[in-house]
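Remarks on the structure that follows.
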Amino acid sequence: MAKKETNSDQLIAHIIKGIEEVKGNDIDILDLRDIENTVCDYFIICNGTSNTQVNAIVNSIQKTVSKALKDKPWHIEGSDNAEWVLMDYVNVVVHVFQKHIREFYDIESLWGDAKITSIETNY
Numbered sequence: 002m003a004k005k006e007t008n009s010d011q012l013i014a015h016i017i018k019g020i021e022e023v024k025g026n027d028i029d030i031l032d033l034r035d036i037e038n039t040v041c042d043y044f045i046i047c048n049g050t051s052n053t054q055v056n057a058i059v060n061s062i063q064k065t066v067s068k069a070l071k072d073k074p075w076h077i078e079g080s081d082n083a084e085w086v087l088m089d090y091v092n093v094v095v096h097v098f099q100k101h102i103r104e105f106y107d108i109e110s111l112w113g114d115a116k117i118t119s120i121e122t123n124y
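Taking this note's numbering, the leading residue of the sequence shown gets 2, the next gets one more, and so forth.
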């Protein structure tokens, strides 16, 4: 199946917009391009306060990206219990956590060599 090439910057902007639409918290972008043997170029990490909000964030991202770029995730997993949902857009992987699960796994520390950009939100 041929995958349409989508500009990563555009994709990231629309993912962030989707997160902000439903007030996702603590949004970080990890730039993995300078690290060898990574599975993608970027991780976007955020969290919600409940499994309902986590699913709302995932749905909002899908809707926003699909509407703007006509793109959809290659794979999504974790929606059933909505504690940690992973959305794979090939070059960009989105992790949507519940806060306590994010603190437990601490992905930002695991990828300590990545350049991290935190997105300020005003809500």
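From the three backbone atoms N, C-alpha and C, an ideal C-beta is built for every residue, glycine too.
Start-to-end residues for the alpha helix (DSSP H) that takes in residue i
i: V66; result: 52-70
i: S9; result: 9-22
i: E109; result: 108-111
Nonlocal neighbours in the same chain, by C-beta distance under 6 Å from residue i, ignoring five residues either side
i: T118; result: I30
i: C41; result: N92, V94
Residue i versus residue j - alpha carbon distance
i: I16; j: D114; result: 23 Å
i: E121; j: I28; result: 8 Å
i: V94; j: D10; result: 13 Å
i: E84; j: G25; result: 14 Å
i: F105; j: T53; result: 20 Å
i: E6; j: I77; result: Only weak support exists for where E6 lies, its pLDDT of 46 falling under 50; the value from the coordinates is given anyway. So the alpha carbons of these two residues sit roughly 19 Å apart.
i: L87; j: V59; result: 9 Å
Nonlocal neighbours in the same chain, by C-beta distance under 8 Å from residue i, ignoring five residues either side
i: W75; result: K4, D89, Y90, V91
i: I36; result: W112, D114, A115
Exposure label - residue i; buried when at least 16 CB within 10 Å
i: L111; result: exposed
i: H101; result: exposed
Cross-strand partners of residue i (DSSP beta bridge)
i: V86; result: V97
i: F44; result: L31, V94
i: K116; result: D32
First through last residue of the beta strand (DSSP E) which encompasses residue i
i: E78; result: 76-78
Beta-carbon contacts of residue i that lie in its chain and below 7 Å, excluding the five residues immediately before and after
i: L33; result: T39, C41, D42, Y43, F44, W112, A115
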